[in-house]
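**Student:** After the structure tokens below, expect a handful of questions from me.
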Amino acid sequence: LRLGEFEKTELDLEIESLSLPIKKLPIGFQRIYSNDYLENRGFEKSEYKKYKIGYTNLKSSLKNFIIIAVEEAGEVRAYLARNTLDKKEIDKINKKSKKLGIEKKVLRYANSSDDFGKLLLGIDEIDFFTKWVILVEGYFDKVKIDKVLKLDNSSHIKCCCTFGKNISDFQIKKLKSRGIKNIIVIQDPDAVKDTKKHADNLNAQFDKVLVGFSGEKDLGDSNNEEIEKIISNLKNPMQFKIGISELLKNG
3 LRLGEFEKTE LDLEIESLSL PIKKLPIGFQ RIYSNDYLEN RGFEKSEYKK
53 YKIGYTNLKS SLKNFIIIAV EEAGEVRAYL ARNTLDKKEI DKINKKSKKL
103 GIEKKVLRYA NSSDDFGKLL LGIDEIDFFT KWVILVEGYF DKVKIDKVLK
153 LDNSSHIKCC CTFGKNISDF QIKKLKSRGI KNIIVIQDPD AVKDTKKHAD
203 NLNAQFDKVL VGFSGEKDLG DSNNEEIEKI ISNLKNPMQF KIGISELLKN
253 G
């Protein structure tokens, strides 16, 4: 070992083996600390310090996109890119382009071409004192949960984003390598079947598993009261499956 270096523990090596390569952000990336689109979605000033957020004017495919770095061990491993144009506006542009015979569509998302099933946004926020992790589908879901539950001020419980309905074995290994033994899963309404499957899988691998249901709204679009209601009505996997079965039957 060179001077100043420390021998890596088995845990260090395991965490390292579960990491994706370091990635560069798009050419011309400029960090920002204020943005109307994000603030209209509930962003506060603290979010710009917590996440590496910006834009680029040097890559035409990312025009009008907000870029959010996905970091692990303090390094960028992937990035999210979200179009700041409204969905209705994007649909209108694409409809007009189609009439003109233009095949290229305006996209809502332009994420990096990485395996997001091997990443967890928020993994670096977990520390030695963290006992519970809340798993949600998307970035804005995580932002909302952190804000409502004030998780930035808590070490006991943290929230991670899985980038979609799936919760991979790779992501589970990452959580276990960080010493996490208790999981809360809250997914959007269109993921009910997936949530039931994941709850069973997680229940076999963690000490305690609780499941929340966001009702008719996506988590990121829910208000504070709705989030608090979800948290107050968490179920174990069996209770969740029975409750959803009854809901679907009556619906």
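Numbering (this note's numbering), first residue to last: 3 to 253.
Note that CB positions come from ideal geometry on N, CA and C, so glycine has one too.
By Cβ distance, which residues of its chain are closer than 8 Å to L22, with the 5 residues on each side in sequence left out?
**Tutor:** Excluding residues within five positions, the ones whose Cβ falls inside 8 Å are E74, R79, A80, D116, D117, K120, L121.
**Student:** Ignoring anything shorter than 4 residues or poking outside the segment 38-119, list the alpha helix (DSSP H) runs there in chain order.
**Tutor:** Entirely contained in the segment 38-119, the alpha helix (DSSP H) runs reaching 4 residues are, in chain order, 38-41, 47-52, 89-101.
**Student:** Suppose the cutoff is 6 Å on Cβ atoms and the five residues either side in sequence are ignored; what does the same chain contact list for Y39 look like?
**Tutor:** Once the five neighbours on either side are set aside, the close Cβ partners of Y39 are T86.
**Student:** Verify whether the separation of the beta carbon atoms of N184 and F208 is less than 8 Å.
**Tutor:** Yes, the Cβ-Cβ distance between N184 and F208 is below 8 Å.
**Student:** Can you confirm whether the segment 122-135 touches the segment 92-110 when touching is taken to mean that 3 or more C-beta pairs between the two stretches lie within less than 8 Å?
**Tutor:** Touching, no, given that fewer than three Cβ pairs across the two stretches are closer than 8 Å.
**Student:** Could you pull the start and end residues of the alpha helix (DSSP H) that L151 belongs to?
**Tutor:** Its alpha helix (DSSP H) spans residues 141-151.
**Student:** Tell me the DSSP secondary structure of F130 in three-state form.
**Tutor:** In the structure shown, F130 sits in coil (DSSP, three-state: anything other than H, G, I, E or B).
**Student:** Does the distance from the CB of K84 to the CB of G56 come in under 8 Å?
**Tutor:** Strictly speaking, residue 84 in this sequence is Arg, with Lys absent from that position. For R84 and G56, no; Cβs fall outside 8 Å.
**Student:** Is the segment 183-197 in contact with the segment 134-149, if contact means three or more CB pairs nearer than 8 Å?
**Tutor:** Touching, yes, given that three or more Cβ pairs across the two stretches are closer than 8 Å.
**Student:** Give the DSSP bridge partners of Q173, in chain order.
**Tutor:** Per DSSP, none; premise fails for Q173.
**Student:** Run through DSSP, which three-state label would I233 get?
**Tutor:** Here I233 sits in helix by DSSP.
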